[in-house]
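There are 2 protein chains.
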Amino acid sequence: MQQSDIIIKNGTILTMNRENTVIEDGLIHVKGDTISRVGSGGGVTIEAEKTIDAHGGLILPGLINGHTHAAMSLFRGLADDLPLMDWLNNYIFPAERRIDADFVFTGTLLACAEMIMSGTTTFCDMYLFEKEAARAARKAQMRCLVGEVLYDFPSPNYGSVEKGLEYTESLIKKWQNDPLVSVAVEPHSLFTCSPDLLISANEMALRYEVPMVIHVAETLNEVEEVKEKYGKPPVEYLYSLGLLDSHLIADHCVHVSEQDIKKMAKNGTRVIHNPESNMKLASGIAPVTELITRGVTVGLGTDGCASNNNLDIFTEMDMTAKLHKIQTMDPTVLDSVTVLRMATIEGAKALGMEDITGSLETGKKADIIILDVDKPHLTPMYNPYSHIVYAARGNDVSHSIINGQPVMEDRKLLTLDIEEIMERAREKAIKVREWVS
Amino acid sequence: MQQSDIIIKNGTILTMNRENTVIEDGLIHVKGDTISRVGSGGGVTIEAEKTIDAHGGLILPGLINGHTHAAMSLFRGLADDLPLMDWLNNYIFPAERRIDADFVFTGTLLACAEMIMSGTTTFCDMYLFEKEAARAARKAQMRCLVGEVLYDFPSPNYGSVEKGLEYTESLIKKWQNDPLVSVAVEPHSLFTCSPDLLISANEMALRYEVPMVIHVAETLNEVEEVKEKYGKPPVEYLYSLGLLDSHLIADHCVHVSEQDIKKMAKNGTRVIHNPESNMKLASGIAPVTELITRGVTVGLGTDGCASNNNLDIFTEMDMTAKLHKIQTMDPTVLDSVTVLRMATIEGAKALGMEDITGSLETGKKADIIILDVDKPHLTPMYNPYSHIVYAARGNDVSHSIINGQPVMEDRKLLTLDIEEIMERAREKAIKVREWVS
Numbered sequence: 063m064q065q066s067d068i069i070i071k072n073g074t075i076l077t078m079n080r081e082n083t084v085i086e087d088g089l090i091h092v093k094g095d096t097i098s099r100v101g102s103g104g105g106v107t108i109e110a111e112k113t114i115d116a117h118g119g120l121i122l123p124g125l126i127n128g129h130t131h132a133a134m135s136l137f138r139g140l141a142d143d144l145p146l147m148d149w150l151n152n153y154i155f156p157a158e159r160r161i162d163a164d165f166v167f168t169g170t171l172l173a174c175a176e177m178i179m180s181g182t183t184t185f186c187d188m189y190l191f192e193k194e195a196a197r198a199a200r201k202a203q204m205r206c207l208v209g210e211v212l213y214d215f216p217s218p219n220y221g222s223v224e225k226g227l228e229y230t231e232s233l234i235k236k237w238q239n240d241p242l243v244s245v246a247v248e249p250h251s252l253f254t255c256s257p258d259l260l261i262s263a264n265e266m267a268l269r270y271e272v273p274m275v276i277h278v279a280e281t282l283n284e285v286e287e288v289k290e291k292y293g294k295p296p297v298e299y300l301y302s303l304g305l306l307d308s309h310l311i312a313d314h315c316v317h318v319s320e321q322d323i324k325k326m327a328k329n330g331t332r333v334i335h336n337p338e339s340n341m342k343l344a345s346g347i348a349p350v351t352e353l354i355t356r357g358v359t360v361g362l363g364t365d366g367c368a369s370n371n372n373l374d375i376f377t378e379m380d381m382t383a384k385l386h387k388i389q390t391m392d393p394t395v396l397d398s399v400t401v402l403r404m405a406t407i408e409g410a411k412a413l414g415m416e417d418i419t420g421s422l423e424t425g426k427k428a429d430i431i432i433l434d435v436d437k438p439h440l441t442p443m444y445n446p447y448s449h450i451v452y453a454a455r456g457n458d459v460s461h462s463i464i465n466g467q468p469v470m471e472d473r474k475l476l477t478l479d480i481e482e483i484m485e486r487a488r489e490k491a492i493k494v495r496e497w498v499s
Numbered sequence: 063m064q065q066s067d068i069i070i071k072n073g074t075i076l077t078m079n080r081e082n083t084v085i086e087d088g089l090i091h092v093k094g095d096t097i098s099r100v101g102s103g104g105g106v107t108i109e110a111e112k113t114i115d116a117h118g119g120l121i122l123p124g125l126i127n128g129h130t131h132a133a134m135s136l137f138r139g140l141a142d143d144l145p146l147m148d149w150l151n152n153y154i155f156p157a158e159r160r161i162d163a164d165f166v167f168t169g170t171l172l173a174c175a176e177m178i179m180s181g182t183t184t185f186c187d188m189y190l191f192e193k194e195a196a197r198a199a200r201k202a203q204m205r206c207l208v209g210e211v212l213y214d215f216p217s218p219n220y221g222s223v224e225k226g227l228e229y230t231e232s233l234i235k236k237w238q239n240d241p242l243v244s245v246a247v248e249p250h251s252l253f254t255c256s257p258d259l260l261i262s263a264n265e266m267a268l269r270y271e272v273p274m275v276i277h278v279a280e281t282l283n284e285v286e287e288v289k290e291k292y293g294k295p296p297v298e299y300l301y302s303l304g305l306l307d308s309h310l311i312a313d314h315c316v317h318v319s320e321q322d323i324k325k326m327a328k329n330g331t332r333v334i335h336n337p338e339s340n341m342k343l344a345s346g347i348a349p350v351t352e353l354i355t356r357g358v359t360v361g362l363g364t365d366g367c368a369s370n371n372n373l374d375i376f377t378e379m380d381m382t383a384k385l386h387k388i389q390t391m392d393p394t395v396l397d398s399v400t401v402l403r404m405a406t407i408e409g410a411k412a413l414g415m416e417d418i419t420g421s422l423e424t425g426k427k428a429d430i431i432i433l434d435v436d437k438p439h440l441t442p443m444y445n446p447y448s449h450i451v452y453a454a455r456g457n458d459v460s461h462s463i464i465n466g467q468p469v470m471e472d473r474k475l476l477t478l479d480i481e482e483i484m485e486r487a488r489e490k491a492i493k494v495r496e497w498v499s
């Protein structure tokens with residue numbers, strides 16, 4: 063692949079660095095996969111092979127979707143507004159038993175198309191046939207942290223649980239030097255994984271120095287089940303197994319106590335907040351303001367399309383800012399700067415990628431999006447942060463660059479043939495309808 | 063203006079009639095301002111002067127924004143994430159004291175552009191210089207119910223309160239036979255209007271047989287203030303004044319009791335729910351499931367752009383469906399069909415326009431939008447309702463017809479010059495910055 067040499071100019075840069083530096087009339091120079099300069103564009107005469115004109119738009123770090131089941135894009139709208147157990151037992155589980163490698167490849171390609179087109183450049187995925195998810199992300203040229211879901215019962219992919227750990231190990235080895243794809247060990251949850259599986263998974267994560275990703279305290283049912291089985295609520299139980307550590311990425315954390323939060327903060331556990339999914343499934347509201355106040359790193363995720371039903375981090379930001387205001391009855395919490403940080407640099411920290419992505423700074427990999435603000439709903443602009451969180455939507459993103467490579471220009475995807483992907487998605491849907499009928 | 067003769071074909075029609083009839087491969091014929099046929103398109107050979115191909119998209123009634131302060135589009139992002147009183151006293155009120163007719167005209171044009179481009183065809187407005195709002199809506203060819211805000215203190219538009227009633231009366235007379243613009247009497251709230259003003263406003267509404275629009279029980283502070291001044295909470299106080307009637311449109315109703323809800327249901331009072339604004343200002347969560355269960359008609363609104371910060375009814379639908387699931391901890395409440403009804407036919411009922419708009423039925427005025435679903439985030443499609451509420455966004459709307467006249471085709475506005483409007487909006491913003499600095 064040709065080495066990039068790109069200038070992005072004529073826009074306001076939101077760096078999302080430590081000081082939230084904003085640079086009006088900014089200019090970014092990308093060389094190869096890296097940001098080689100971030101600064102003012104006034105009077106600068108740098109030349110490059112390619113110039114992208116932001117036309118007065120906002121230039122910001124690519125967004126980070128910290129929790130997805132990407133291939134579930136093929137289940138979007140299959141079943142909604144149902145009691146959780148009905149939804150799972152009569153729709154999602156029966157369908158998931160039938161999926162195969164090609165299903166996951168197609169579904170993840172579809173999800174990547176949606177994510178790029180709504181400004182996401184990095185995602186963290188947990189699903190079945192995850193080699194296919196990695197392959198799809200690589201084709202889309204998206205940055206990702208992926209992992210095969212592990213649980214006690216047989217998987218339609220790898221079969222018995224021992225094979226799941228072997229599959230994960232081969233996944234880690236296959237991608238260990240890849241510039242875009244990295245791999246995590248991903249036991250599903252405390253109520254679907256035995257203590258032995260959790261401990262084995264953790265050992266593997268430590269051995270290969272990769273994160274461990276797990277659902278934690280998503281629903282009250284889960285909390286009750288874990289308490290009943292193991293005599294402790296989820297976070298205490300994780301702690302007692304020695305798993306509450308700085309390599310742990312805990313998805314959801316809806317039902318956690320003040321004591322839990324203190325423990326997570328002390329141990330460096332990172333949290334991904336999924337407000338839309340938690341609301342749609344009526345799981346509860348995670349105590350995000352307390353998590354952040356106590357020093358826990360919190361990123362944002364959409365969860366899978368079947369429980370959201372979109373992969374748009376812009377609407378997730380809007381929901382986050384508003385949900386916690388109403389939860390705390392305080393309009394000042396989770397202001398727009400804090401929330402955009404959750405979707406960028408804090409999300410990068412949550413995935414252990416803060417040295418690579420999440421902000422626009424010299425030396426970081428070039429994961430950059432441009433937001434077109436020349437639209438009625440974004441005119442006039444007093445405050446770019448509040449525009450992004452409260453008014454913009456995914457389809458206001460005009461350009462995306464990942465790891466120095468343009469993947470979308472003027473809303474045209476450069477790495478994926480969306481007509482072909484949508485056609486294949488429609489074919490898969492015919493089968494899905496049969497599976498659940 | 064030329065009489066319309068338009069066929070819309072090759073899409074799935076969601077009629078939103080009483081039975082929620084869905085017609086695949088549907089065909090709608092519009093003659094003049096009216097829907098002359100809604101039915102299957104299979105084998106039909108009707109000819110018309112103009113044919114709009116929906117290209118497999120969804121054809122549905124135009125959305126109804128039941129509560130706006132449209133010209134506040136010029137304040138979007140001026141101040142966010144602040145305590146309510148700081149926001150009002152240091153930003154909104156000082157700015158509003160300086161606005162003039164041209165400000166409201168420009169701001170309302172900008173809002174109309176955003177609303178049309180996100181699928182809204184009818185809105186209910188309350189603001190200052192409302193003659194200009196009506197003029198702007200007319201220029202945009204949007205359907206609306208507008209009214210000058212009335213309160214005890216002097217208005218930058220009409221001066222003393224008596225003049226406000228005169229202004230309202232002249233507004234009613236000016237537009238009384240207009241096909242698009244209708245007028246309501248709009249006292250601001252129970253804590254900014256004396257009982258005399260409320261009673262006079264009500265008499266005028268009854269005399270001209272127009273609705274009365276008012277903010278009710280939006281915040282806990284308001285409830286306390288009304289109780290202190292008048293010895294009763296807002297809805298009881300309204301009732302005691304004889305105002306709780308079927309011509310009353312009550313915006314918000316966040317803090318209402320079971321008794322209040324019963325009274326509203328019995329008296330036919332209609333409610334507009336504004337979830338995003340109520341969340342962003344941390345006002346509270348309206349008991350929408352109870353209101354609907356008790357038989358109160360509930361429509362959706364965005365409120366003004368300064369407290370939302372968008373006019374997109376699609377995100378309002380998404381928020382409504384999710385917010386009440388988490389409030390009640392029940393994922394089955396406010397399902398996608400119910401929520402789309404709130405944004406269409408129930409919204410029309412709330413504004414007293416159910417004979418005119420809100421559903422696609424023969425004889426109704428032709429207020430129709432087309433949603434382009436040939437996109438990754440809307441493919442495949444199992445359920446059009448859940449796609450609309452949970453996955454689509456305003457900018458997925460490709461076409462809009464209001465009162466039989468196309469106002470947007472392939473996302474190009476036909477009635478407004480948006481470049482010119484945005485330029486004027488940017489000029490106004492320079493002044494606004496000075497006002498609050």
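These protein sequence lines map, in sequence, to chains R and V. Taking my numbering, the leading residue of the first sequence gets 63, the next gets one more, and so forth. Taking my numbering, the leading residue of the second sequence gets 63, the next gets one more, and so forth. Ideal placement from N, C-alpha and C gives every residue a C-beta, glycine not left out.
query                                                                                                                                                           : result
If the cut is a Cβ gap below 9 Å, which residues of chain V does Glu338 (chain R) touch?                                                                        : Asp380, Lys384, Tyr452
Any chance the stretch 154-165 of chain V sits against the stretch 206-214 of chain V, with 3 or more Cβ pairs inside 8 Å?                                      : no
Could you compute how far the alpha carbon of Pro296 (chain R) sits from the alpha carbon of Lys411 (chain R)?                                                  : 23 Å
In the DSSP assignment, what are the bridge partners of Phe211 (chain V)?                                                                                       : In the sequence on display, residue 211 (chain V) carries Val and not Phe. According to DSSP, Val211 (chain V) bridges with V:Glu248.
To the nearest angstrom, how far is the alpha carbon of His131 (chain V) from that of His335 (chain V)?                                                         : 14 Å
Do Val288 (chain R) and Val299 (chain R) count as a contact pair if the criterion is CB distance below 7 Å?                                                     : Note that residue 299 (chain R) is Tyr in the sequence shown here, rather than Val. Yes, the pair counts as a contact, with Cβ atoms nearer than the cut-off.
Given that Asn445 (chain V) touches chain R, what residues does it touch there, using C-beta distances under 8 Å?                                               : Gly139, Leu140, Asp142
Mind listing which residues of the stretch 219-239 of chain R have their C-beta closer than 8 Å to chain V's C-betas, in chain order?                           : none
Residue range of the beta strand (DSSP E) that Met274 (chain R) falls in?                                                                                       : 274-278
Strictly below 7 Å CB to CB, what residues from chain R border Ala195 (chain V)?                                                                                : Within 7 Å Cβ-Cβ: nothing; Ala195 (chain V) doesn't reach chain R, min ~16 Å.
Whose C-alpha, out of V:Leu76, V:Ser244, V:Gln65, is nearest the C-alpha of Ile432 (chain V)?                                                                   : V:Leu76
Can you tell me the Cβ-Cβ gap for Ser398 (chain R) and Tyr444 (chain R), rounded? I've got them flagged as a contact below 8 Å.                                 : Not quite, the Cβ-Cβ distance comes to about 12 Å (not below 8 Å), so this is no contact.
At which residue ranges does the stretch 251-315 of chain V contain complete alpha helix (DSSP H) runs of 4 or more residues, listed in the order of the chain? : 257-270, 282-292, 296-302
Pick out whichever of R:Ile430, R:Lys294, R:Arg138, R:Glu423 has its Cα sitting closest to the Cα of Ser339 (chain R).                                          : R:Arg138
Could you please tell me which residues of the stretch 342-359 of chain V, in chain order, have their CB closer than 9 Å to any CB of chain C?                  : Given the protein chain composition of this structure (R and V), no chain C is represented.
Give the residues of chain R in contact with Ser136 (chain V), contact being defined as C-beta atoms less than 8 Å apart.                                       : The sequence given here places Leu at residue 136 (chain V); Ser does not occur at that position. Correct list: Pro442.
For His461 (chain R), count neighbouring Cβ atoms within 10 angstroms of its own Cβ and tell me buried if that reaches 16, exposed if not.                      : buried
Determine which residues of the stretch 169-194 of chain R have a Cβ less than 7 Å from any Cβ of chain V, and write them out in chain order.                   : Leu172, Ala175, Glu176, Met179
Could you tell me if Ile492 (chain R) is buried or exposed, where buried requires 16 or more neighbouring beta carbons within 10 angstroms of its beta carbon?  : exposed
Which ranges would you report for the beta strand (DSSP E) in the stretch 368-443 of chain V if only whole runs of at least 3 residues count?                   : 430-433
What beta strand (DSSP E) runs, 3 residues minimum, are completely inside the stretch 168-249 of chain R?                                                       : 182-189, 205-212, 243-245
If you count every other CB in all the chains shown that lies within 10 Å of the CB of Pro123 (chain V), and 16 or more means buried, which is it?              : buried
Contact check, Ser345 (chain V) vs Thr281 (chain V) under 8 Å by CB: the rounded distance?                                                                      : 5 Å
What is the residue span of the beta strand (DSSP E) that Thr351 (chain R) lies within?                                                                         : Looking at the DSSP string, Thr351 (chain R) is not in any beta strand (DSSP E); the run it does join, the alpha helix (DSSP H), is 350-355.
Which residues bound the alpha helix (DSSP H) around Gln321 (chain V)?                                                                                          : 320-329
Taking C-beta pairs closer than 9 Å, name the residues in chain V that Lys387 (chain R) reaches, listed in chain order.                                         : Asp143, Met341, Lys342, Leu343, Ala344
Please list, in chain order, the chain V residues whose beta carbon lies closer than 7 Å to that of Asn371 (chain R).                                           : Ser448, Tyr452, Ala453
Less than 8 Å between the CB atoms is what I'm expecting for Ile178 (chain R) and Ile114 (chain R), so what's the real figure, rounded?                         : The Cβ separation is near 16 Å, so there is no contact.
State the Cα-Cα distance for the pair Cys186 (chain R) and Gly357 (chain R), rounded to the nearest angstrom.                                                   : 22 Å
Measuring only the C-alpha atoms, how far is Pro257 (chain R) from Ala327 (chain R)?                                                                            : 23 Å
Using a C-beta cutoff of 7 Å, does Asp392 (chain V) count as contacting chain R?                                                                                : yes
Counting only beta-carbon atoms, is Pro487 (chain R) nearer than 7 Å to chain V?                                                                                : Looking at the sequence provided, one finds Ala at residue 487 (chain R) rather than Pro. It does; some Cβ of chain V falls within 7 Å.
Where do the ends of the alpha helix (DSSP H) carrying Met341 (chain V) lie?                                                                                    : 337-342
Could you say if the stretch 347-354 of chain R and the stretch 309-319 of chain R meet the contact criterion of at least three C-beta pairs nearer than 8 Å?   : yes
Does His439 (chain V) have its Cβ less than 7 Å from a Cβ in chain R?                                                                                           : yes
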